[in-house]
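Trainee: Residue numbers (this note's numbering), protein chains in the order written: chain A, 894 to 903; chain B, 56 to 270. From the three backbone atoms N, C-alpha and C, an ideal C-beta is built for every residue, glycine too.
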Amino acid sequence: SSAAYIKDEL
Amino acid sequence: MNVFRFAGDMTHLISILVLLLKIYTTKSCSGISLKTQELYAVVFVTRYLDLVTDFISVYNTVMKVVFISSSLAIVWCIRRHKVVRRSYDKELDTFRHWLLVGACAVLALVVHEKFSFQEVCWAFSIYLEAVAILPQLVLLQRSGNVDNLTGQYVFFLGAYRAFYILNWIYRYYSEQHFTRWISCVSGIVQTALYADFFYYYFISWKNNSKLQLPA
């Protein structure tokens, strides 16, 4: 599966 | 970080400060749905599991701690504070919010970025936040007139995600490969749920009258 993106948002 | 997201975070923070102000100054939680507050506590705890594992920035960490601690403190106040708890509208706040939790959990198990505990919890928290305001909106309709601070609380809470939508549009055009369908779709649903509240809030502001939601 695609690497999930960094959760930089609140 | 962009101006839309910062405005959204500040609006979100203001909504929490307004709610804390209402509870602290009036020592009352009348018109506030405990169920919505419990859902928000679950939203923040399940979304910020990376609080201690991934460091994004001081701002990010501080805001996460503020959101988690304030939501837990508000739930504690309404449940346990000897004065505040007496004004809780227990008989009006009857939304079966655990159904929302169950539905969002099932959806998160089906639709997520990656099938890992943290990612499924994150998707769950995004879906749950979209519907977390429902018990509060139902309570406002049942409790007739709405006091100013409660109305302002709901208004800022709804407005913050609208700023986030502008943030996603901005990031979509300014960053390559920026797609966050889960957040975007969920954020649009969340903001749409406030549509009728925003309408009646605008009318009450324009006519300088008390905010009344039709039953």
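By how many angstroms is the C-alpha of residue 145 (chain B) removed from the C-alpha of residue 106 (chain B)?
Mentor: Residue 106 (chain B) and residue 145 (chain B): Cα-Cα distance of roughly 33 Å.
Trainee: Determine, using beta carbons only, whether residue 211 (chain B) and residue 70 (chain B) come nearer to each other than 9 Å.
Mentor: Yes, the Cβ-Cβ distance between residue 211 (chain B) and residue 70 (chain B) is below 9 Å.
Trainee: Starting from residue 157 (chain B), trace the alpha helix (DSSP H) both ways and give me its first and last residue.
Mentor: Where residue 157 (chain B) is concerned, the enclosing alpha helix (DSSP H) stretches over 152-165.
Trainee: Given this structure, state the Cα-to-Cα distance separating residue 169 (chain B) from residue 102 (chain B), to the nearest angstrom.
Mentor: In a straight line, the C-alpha of residue 169 (chain B) is about 15 Å away from that of residue 102 (chain B).
Trainee: Which residue comes first and which comes last in the alpha helix (DSSP H) that contains residue 230 (chain B)?
Mentor: Here residue 230 (chain B) belongs to no alpha helix (DSSP H), and DSSP marks it neither H nor E.
Trainee: Which whole-angstrom value is the C-beta distance of residue 59 (chain B) and residue 221 (chain B), which I expect to be below 8 Å?
Mentor: Correct: roughly 4 Å between the Cβ atoms.
Trainee: Report the option in B:174, B:57 and B:86 whose CA atom is closest to the CA atom of residue 200 (chain B).
Mentor: Among B:174, B:57 and B:86, the Cα nearest to that of residue 200 (chain B) belongs to B:86.
Trainee: When you compare the region 170-182 of chain B with the region 125-139 of chain B, are there three or more beta-carbon pairs, one atom per stretch, that lie closer than 8 Å?
Mentor: Segments in contact, no.
Trainee: On the DSSP bridge list, what partners appear for residue 57 (chain B)?
Mentor: Beta-bridge pairing links residue 57 (chain B) to no other residue.
Trainee: Quick one: measure Cβ to Cβ for residue 142 (chain B) and residue 198 (chain B), integer angstroms, because I've assumed they're closer than 8 Å.
Mentor: About 11 Å separates the two Cβ atoms, so there is no contact after all.
Trainee: Along the region 162-181 of chain B, what residues have a CB closer than 7 Å to any CB found in chain A?
Mentor: Going along the region 162-181 of chain B in chain order, one finds 168, 169, 170, 174 and 177 with a Cβ nearer than 7 Å to chain A.
Trainee: Looking only at its own chain, which residues have a Cβ that is under 6 Å from the Cβ of residue 147 (chain B), when we skip the five neighbours before and after it?
Mentor: Result list for residue 147 (chain B): 194, 197 and 198, in chain order.
Trainee: Would you say residue 219 (chain B) faces chain A, with C-beta separation under 9 Å as the test?
Mentor: By this cut-off, residue 219 (chain B) is an interface position.
Trainee: Would residue 162 (chain B) and residue 97 (chain B) qualify as a contact pair, given that the criterion is a beta-carbon distance under 9 Å?
Mentor: Result no, Cβ atoms of residue 162 (chain B) and residue 97 (chain B) do not sit closer than 9 Å.
Trainee: Smallest Cα separation from residue 167 (chain B): which of B:235, B:192 and B:229?
Mentor: Checking every option, the nearest Cα to that of residue 167 (chain B) belongs to B:235.
Trainee: Alpha carbons only, please: which of B:244, B:92 and B:250 is nearest the one belonging to residue 131 (chain B)?
Mentor: That would be B:92, whose Cα lies nearest to the Cα of residue 131 (chain B).
Trainee: Measure the C-alpha to C-alpha separation of residue 72 (chain B) and residue 164 (chain B) and round it to an integer number of angstroms.
Mentor: Cα-Cα distance, rounded: 33 Å.
Trainee: Please state if the CB of residue 208 (chain B) and the CB of residue 64 (chain B) are separated by a distance shorter than 9 Å.
Mentor: The answer is no: Cβ separation not under 9 Å.
Trainee: Less than 9 Å between CB atoms is the rule here; does residue 243 (chain B) satisfy it with respect to chain A?
Mentor: With 9 Å as the cut-off, residue 243 (chain B) does not count as an interface residue toward chain A.
Trainee: How about residue 150 (chain B) and residue 88 (chain B): do their beta carbons lie closer than 9 Å?
Mentor: Against a cut-off of 9 Å, the Cβ pair of residue 88 (chain B) and residue 150 (chain B) comes out as a contact.
Trainee: Is the beta carbon of residue 219 (chain B) sitting closer than 9 Å to the one on residue 902 (chain A)?
Mentor: Contact: yes.
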